[in-house]
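**Q** Once you've had a glance at the structure underneath, I'll fire off some questions.
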Amino acid sequence: MNANIAGFLRASTQRHPDAVCIIAGGREYTWGEIDRAADDFAAGLVQRGLHAGDRVAMLLGNCVEFVIAYYGAARAGLVSVPMNPAYTSAEVAVLLADSGSRLLLVQPETRQVGEDSAAALPGCEVVEIGSDEWDRIMATGQGAVLAEVMTPPEALALLLFTAGTSGRPKGAMLSHGALRSNVEMLLALTEPPAVVDEDIVLIVLPMFHVYGLNTALGLAVAAGATIVISDRFDPKDALDLIAARRVTTIAGAPAMYQAWCATPGVREAMATVRLLSSGGAPLPSRVFEQFEQVSGLRIYEGYGMTETGPVISTTLVSGEPKAGSVGQPLPGLEVRILDEDGGEVDEGDPGELWVRGPSVFAGYWPDGAGGPDGEGWFHSGDVAYRDEGGDLHLVDRRREVILVNGFNVYPREIEIVIDDLPDVAEAAVVGVPDDETGEAVTALVVPRRGATVTAEQVAEHCATRLARFKCPTVIRVVEALPHSATGKIAKGRLRDVYGDSGYGS
2 MNANIAGFLR ASTQRHPDAV CIIAGGREYT WGEIDRAADD FAAGLVQRGL HAGDRVAMLL
62 GNCVEFVIAY YGAARAGLVS VPMNPAYTSA EVAVLLADSG SRLLLVQPET RQVGEDSAAA
122 LPGCEVVEIG SDEWDRIMAT GQGAVLAEVM TPPEALALLL FTAGTSGRPK GAMLSHGALR
182 SNVEMLLALT EPPAVVDEDI VLIVLPMFHV YGLNTALGLA VAAGATIVIS DRFDPKDALD
242 LIAARRVTTI AGAPAMYQAW CATPGVREAM ATVRLLSSGG APLPSRVFEQ FEQVSGLRIY
302 EGYGMTETGP VISTTLVSGE PKAGSVGQPL PGLEVRILDE DGGEVDEGDP GELWVRGPSV
362 FAGYWPDGAG GPDGEGWFHS GDVAYRDEGG DLHLVDRRRE VILVNGFNVY PREIEIVIDD
422 LPDVAEAAVV GVPDDETGEA VTALVVPRRG ATVTAEQVAE HCATRLARFK CPTVIRVVEA
482 LPHSATGKIA KGRLRDVYGD SGYGS
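My numbering runs 1 ahead of the 1-based position in the sequence shown.
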């Protein structure tokens with residue numbers, strides 16, 4: 002069997018080549034058009050001298066060219082490296098260098114960042130979608146025949162960078178088999194089905210994120226559903242689009258449902274919607290209940306990680322949405338909840354969640370470090386418990402990652418940036434609950450003796466070095482931070498010292 006994820010696109014095209022595959026920018030594209038474009042892009046890159054295993058980076062928002070490039074690269078045996086288009090040139094340069102990307106795709110809004118970041122990496126070409134160079138790639142591909150190569154399940158398809166606790170980004174290596182198996186496990190759910198070919202699926206989640214890329218796009222492509230692409234989320238505009246296109250399925254994040262709770266006309270706009278899902282960050286029970294009141298619809302919540310392709314569990318498994326629960330593991334995945342000594346916890350007790358199955362990643366780029374253990378178990382670092390019905394509930398994260406609108410923000414990366422300020426003695430970055438974003442990035446900054454540092458200085462410095470969603474939204478200059486006996490900042494004591502209200506601006 003050919004495990005290549007582009008096989009999903011081919012199979013859906015063969016079932017209904019003239020049906021609408023994508024609606025984007027006011028245009029409709031058939032399955033046949035998208036499949037041919039992916040073929041042309043794949044052949045064009047091969048004619049350009051790229052070889053199987055080479056990396057193609059994408060600094061793109063949601064657009065039809067993203068879909069063409071992603072499946073075209075896969076079809077050519079290349080490895081996609083999606084990046085957040087909000088990243089600065091400094092951030093992109095690190096990812097390009099680490100991945101060794103041969104090509105960087107940009108759009109007009111990200112062209113300058115792309116060119117600046119690729120300048121120091123010999124051999125990395127920058128191509129803007131829609132440009133003459135893009136057209137040349139596509140035209141070259143039209144005149145070439147790309148021989149289909151059998152892709153083994155373990156072949157690398159996707160490299161998604163997540164910053165490590167040291168602040169250095171780590172590339173999670175996801176194979177064709179891992180991505181395919183996660184989609185197939187979701188397709189196996191039938192009561193209710195996650196997506197069917199009659200569905201019209203709204204994708205406003207960013208496709209550079211694994212949730213938008215595999216759970217939203219990959220699942221819709223495999224099912225043969227019509228895909229409505231939106232590049233930015235505005236609650237009113239999204240409702241208008243849902244109503245106009247008669248959307249039936251929405252993959253969302255908590256912040257979207259929070260915003261819709263305060264937007265008039267939700268019930269009417271979502272009259273055609275049959276299924277709503279939420280992931281990327283915990284969905285507050287208050288939002289779950291309030292949204293049901295304003296819309297008449299309940300939200301199926303799921304849990305996953307970049308490293309697991311991503312979905313681990315969802316309330317779709319039982320078919321019963323439950324406030325505060327992320328449901329049960331997908332069929333085909335094994336989950337254990339263990340205490341600090343590696344023993345199974347009792348029902349209802351929290352412990353670290355371990356997961357094993359075909360959708361788990363192969364480790365971090367390039368040597369597979371940090372991947373599953375010798376028995377195939379990946380230690381998530383997340384703390385969870387099972388209720389009496391077998392449903393999972395997330396409690397906390399052992400790692401210090403902050404979730405902002407579903408995106409991982411790692412404190413150490415921000416602390417390193419703040420520490421670069423000459424008048425800063427030390428800094429600690431933590432996440433605190435936030436109704437709109439899930440968590441807010443909060444920085445506590447200690448000036449050097451005799452020096453002065455202002456919150457405005459820290460904010461301006463971070464804005465030049467970090468993507469906007471990583472920048473602290475609350476900055477407090479303090480005299481000192483608590484430390485452990487070994488001199489390490491004791492983040493666990495920060496709340497004790499400053500209190501919840503102590504994180505105010």
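Just so you know, even glycine gets a beta-carbon here, dropped at the ideal spot from N, CA and C.
Predicted model only: the values in this text are computed from it and were never measured.
Tell whether a beta-carbon distance below 7 angstroms holds between residue 250 and residue 200.
**A** Contact flag set, yes.
**Q** Would you check if the stretch 417-430 and the stretch 378-391 touch, i.e. whether three or more CB-CB distances between them fall below 8 angstroms?
**A** Contact between the stretch 378-391 and the stretch 417-430 is absent, because fewer than three Cβ pairs lie under 8 angstroms.
**Q** Are residue 309 and residue 361 touching if we call contact CB-CB under 7 angstroms?
**A** Their beta carbons are under 7 angstroms apart, which means residue 309 touches residue 361 by this criterion.
**Q** Could you tell me which of 146, 255 and 42 sits nearest to residue 68, measuring between CA atoms?
**A** Nearest C-alpha to residue 68: 42.
**Q** Anyone know if the C-beta pair for residue 204 and residue 224 falls short of 7 angstroms?
**A** Not a contact, by the Cβ cut-off of 7 angstroms.
**Q** Quick one: Cα of residue 22 to Cα of residue 202, how far?
**A** Answer to the nearest angstrom: the Cα atoms are 10 angstroms apart.
**Q** Three or more C-beta pairs closer than 8 angstroms, one from the stretch 267-287 and one from the stretch 300-307: is that the case here?
**A** The stretch 267-287, when compared against the stretch 300-307, does touch it at the 8 angstroms Cβ threshold.
**Q** Suppose contacts are defined by Cβ-Cβ distances below 7 angstroms. Is residue 338 in contact with residue 352 by that definition?
**A** Yes, these two residues count as a Cβ contact at 7 angstroms.
**Q** Counting only the same chain and skipping the five closest in sequence on each side, list residues whose C-beta sits under 6 angstroms from that of residue 275.
**A** Cβ neighbours of residue 275 beyond the five flanking positions: 249.
**Q** Mapping DSSP to helix, strand and coil, what is residue 100?
**A** Residue state, collapsed to three classes: helix.
**Q** Residues in its own chain within less than 6 angstroms of residue 449 by CB, not counting five upstream and five downstream?
**A** Correct list, in chain order: 424 and 426.
**Q** Express the C-alpha separation of residue 59 and residue 129 in angstroms, rounding to a whole number.
**A** Going from the Cα of residue 129 to the Cα of residue 59 covers about 10 angstroms.
**Q** With 16 other CB atoms within 10 Å as the buried threshold, where does residue 8 fall?
**A** With 16 or more Cβ atoms within 10 Å of its Cβ, residue 8 is classed as buried.
**Q** Specify the secondary structure class of residue 238 as computed by DSSP and reduced to three states.
**A** In this structure, residue 238 counts as helix in the three-state DSSP scheme.
**Q** Going straight from the alpha carbon of residue 325 to that of residue 37, what length do you get?
**A** Taking the straight line joining both Cα atoms gives about 44 angstroms.
**Q** CB-CB under 6 angstroms to residue 1, same chain, minus the five flanking residues each way: which ones, in chain order?
**A** The structure shown does not extend to residue 1, since the chain is modelled only from 2 through 506, so no value can be given for it.
**Q** Using the Cα positions of residue 433 and residue 415, report the straight-line distance between them to the nearest angstrom.
**A** Those two C-alpha atoms are separated by around 15 angstroms.
**Q** Taking Cβ to Cβ, would you say residue 431 is nearer than 7 angstroms to residue 467?
**A** No, Cβ-Cβ distance for residue 431 and residue 467 is not below 7 angstroms.
**Q** How many Å lie between residue 272 and residue 57 at the Cα?
**A** Looking at the two C-alpha atoms, the distance is approximately 40 angstroms.
**Q** Can you tell me where the beta strand (DSSP E) with residue 448 in it begins and where it stops?
**A** Counting along the chain, the beta strand (DSSP E) containing residue 448 begins and ends at 439-448.
**Q** Applying the criterion that 16 or more other CB atoms from any shown protein chain within 10 Å of the CB defines a buried residue, is residue 459 buried or exposed?
**A** Residue 459 is buried by the Cβ-count criterion.
**Q** Below 8 angstroms on the Cβ atoms is my contact criterion, and I expect residue 445 with residue 479 to pass it. Report the Cβ-Cβ distance as a whole number of Å.
**A** Residue 445 to residue 479, Cβ: 5 angstroms. Contact.
**Q** Taking the beta carbon of residue 53 as the centre, do at least 16 other beta carbons fall within 10 Å, making it buried, or is it exposed?
**A** Looking at its Cβ environment, which holds fewer than 16 other Cβ atoms inside 10 Å, residue 53 is exposed.
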